[in-house]
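Protein sequences, first through last, are from chains A and B.
Using this note's numbering, read the first sequence as starting at 1 and increasing by one per residue.
Using this note's numbering, read the second sequence as starting at 180 and increasing by one per residue.
Yeah, the Cβ is synthetic: ideal placement off N, Cα and C, and Gly gets one too.
These figures come from a predicted structure and were not determined experimentally.
Below is one structure; the comments refer to it alone.
2 protein chains.
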Amino acid sequence: MGRGGCTVWFTGLSGSGKSTLSEAVAQALRAEGRAVELLDGDEVRTHLSKGLGFSAEDRNINVRRIGFVAKLLARNGVIAITAAISPYRAVRDEVRAEVLASGAGFIEVFMRCPIPVLAERDVKGLYRKALAGEIPHFTGVSDPYEEPLHPEVIVDSSTDSVADGLARVLAAVRAGAAL
Amino acid sequence: MGRGGCTVWFTGLSGSGKSTLSEAVAQALRAEGRAVELLDGDEVRTHLSKGLGFSAEDRNINVRRIGFVAKLLARNGVIAITAAISPYRAVRDEVRAEVLASGAGFIEVFMRCPIPVLAERDVKGLYRKALAGEIPHFTGVSDPYEEPLHPEVIVDSSTDSVADGLARVLAAVRAGAAL
Numbered sequence: 001m002g003r004g005g006c007t008v009w010f011t012g013l014s015g016s017g018k019s020t021l022s023e024a025v026a027q028a029l030r031a032e033g034r035a036v037e038l039l040d041g042d043e044v045r046t047h048l049s050k051g052l053g054f055s056a057e058d059r060n061i062n063v064r065r066i067g068f069v070a071k072l073l074a075r076n077g078v079i080a081i082t083a084a085i086s087p088y089r090a091v092r093d094e095v096r097a098e099v100l101a102s103g104a105g106f107i108e109v110f111m112r113c114p115i116p117v118l119a120e121r122d123v124k125g126l127y128r129k130a131l132a133g134e135i136p137h138f139t140g141v142s143d144p145y146e147e148p149l150h151p152e153v154i155v156d157s158s159t160d161s162v163a164d165g166l167a168r169v170l171a172a173v174r175a176g177a178a179l
Numbered sequence: 180m181g182r183g184g185c186t187v188w189f190t191g192l193s194g195s196g197k198s199t200l201s202e203a204v205a206q207a208l209r210a211e212g213r214a215v216e217l218l219d220g221d222e223v224r225t226h227l228s229k230g231l232g233f234s235a236e237d238r239n240i241n242v243r244r245i246g247f248v249a250k251l252l253a254r255n256g257v258i259a260i261t262a263a264i265s266p267y268r269a270v271r272d273e274v275r276a277e278v279l280a281s282g283a284g285f286i287e288v289f290m291r292c293p294i295p296v297l298a299e300r301d302v303k304g305l306y307r308k309a310l311a312g313e314i315p316h317f318t319g320v321s322d323p324y325e326e327p328l329h330p331e332v333i334v335d336s337s338t339d340s341v342a343d344g345l346a347r348v349l350a351a352v353r354a355g356a357a358l
């Protein structure tokens, strides 16, 4: 147990760059020979949380499940990277406490990006619809997003490059997990 | 990946001895310094499958979730032991295929025990109620249980001691996972 495992927990709005950066981090750590599992938000919804919706309660159940699996992996030496929106602070902090109690490290990566920038990019066309009031429970627009108060890493994808973000997350993993 | 990890999948009726033997196996392997996670049926229902019922569909979703988590652990070198009733053969075989495809081993342990013996023991008083028609969806009485056709290990808890079962499972783990 606790052989250098940790959970790298990405949180941030849709389109903020969680998937892109989490994949880059996973790739870099695998290249170093580390055991890595990437629990992407969509993959997890398929395998662990099918049937759950986007109410606060359902979102929190989803986040707790991801946290449960990440903890099992991290306390066995794996670097478990998660990339779900995870909008509520209290549940993220609950997961953090559980992972730390299991003897593994926990690194929260806050992907910060202003809504106007996200709406401007709008890769999936969702912000336009959400801002027009067409999507209920759209995080950051019609549903709350509670920013982390003390994340280990902050990456602002409106100003930071992926390489910058990658370097910062890897430094935190190395410091936190004592690779 | 695949550093000797495997999934030890217990299956059998309620009261057949899955929990007892799976705990003994976990303890023995931990004592040898192996990384072990025991995914007990009840624990998993709390953390991964709250809200699911006991219809065939819900049971299969539950089993697939356990299989997903067991696979993630096993392909990272952990011995993931599961102890859920898992009554349907097709889904157990689906999980087996996924775990094997991930490069980890899969050992199915069938806890066989005749219903009359279970009804005689009836630790939780459930068989009496189920046989009286008071519990719908009670596996083996009012709901199907499909025995494995080719399990790696069969333990009959009406005749085999826990020590016998333990020795047989450990031998299979050693053979299958190349400890």
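Measuring only between beta-carbons, confirm whether residue i sits less than 8 Å from chain A.
i, result
"B/His226", "yes"
"B/Phe247", "yes"
"B/Val274", "no"
"B/Val204", "no"
"B/Ala283", "no"
"B/Gly181", "Note that B/Gly181 has pLDDT 39, beneath the 50 cutoff, so the model's placement of it is unreliable and no number is given."
In this structure, how does DSSP classify residue i when only helix, strand and coil are distinguished?
i, result
"A/Asp42", "helix"
"A/Glu108", "strand"
"A/Glu37", "strand"
"B/Val270", "helix"
"B/Ile240", "helix"
"A/Val141", "coil"
"B/Phe189", "strand"
"B/Ile294", "helix"
"B/Ile245", "helix"
"A/Ala80", "strand"
"A/Gly5", "coil"
"B/Asp335", "strand"
"B/Ala235", "helix"
When the Cα atoms are used, what is the spatial distance from residue i to residue j?
i, j, result
"A/Asp164", "B/Arg238", "45 Å"
"A/Thr7", "B/Ile245", "20 Å"
"B/Ile258", "B/Ser198", "16 Å"
"A/Trp9", "B/Leu345", "38 Å"
"A/Arg112", "B/Ser195", "52 Å"
"B/Ala249", "A/Ala119", "39 Å"
"B/Leu347", "B/Leu192", "What sits at residue 347 of chain B in the sequence shown is Arg, not Leu. Taking the straight line joining both Cα atoms gives about 19 Å."
"B/Gly282", "B/Arg353", "16 Å"
"B/Val274", "B/Val341", "26 Å"
"A/Pro116", "A/Gly105", "34 Å"
"B/Ala280", "B/Ala253", "11 Å"
Along chain B, in chain order, which residues have C-beta atoms closer than 9 Å to that of residue i?
i, result
"A/Ile61", "Lys229, Gly230"
Check whether the Cβ of residue i lies closer than 8 Å to any Cβ atom in chain B.
i, result
"A/Leu73", "yes"
"A/Ser22", "no"
Identify the contact partners of residue i in chain B, using a Cβ-Cβ distance below 7 Å as the criterion.
i, result
"A/Met78", "Correcting the residue type first, residue 78 of chain A is Val in the shown sequence and not Met. Those are Asn255, listed as they occur along chain B."
Would you mind telling me which residues of chain B sit closer than 8 Å to residue i, beta carbon to beta carbon, in chain order?
i, result
"A/Glu134", "Within 8 Å Cβ-Cβ: nothing; A/Glu134 doesn't reach chain B, min ~28 Å."
"A/Ser37", "Residue identity differs from the one stated: residue 37 of chain A is Glu in this sequence, not Ser. In chain order: Leu251, Asn255."
"A/Arg65", "His226, Leu227"
For a contact defined as C-beta to C-beta under 7 Å, what are the partners of residue i on chain A?
i, result
"B/Arg300", "Under the 7 Å cutoff, chain A gives no residues; its nearest Cβ is about 32 Å from B/Arg300."
If residue i and residue j are in contact, beta carbons under 8 Å, what's the gap, nearest whole angstrom?
i, j, result
"A/His150", "A/Phe54", "No, A/His150 and A/Phe54 are not in contact; Cβ-Cβ is about 26 Å, not under 8 Å."
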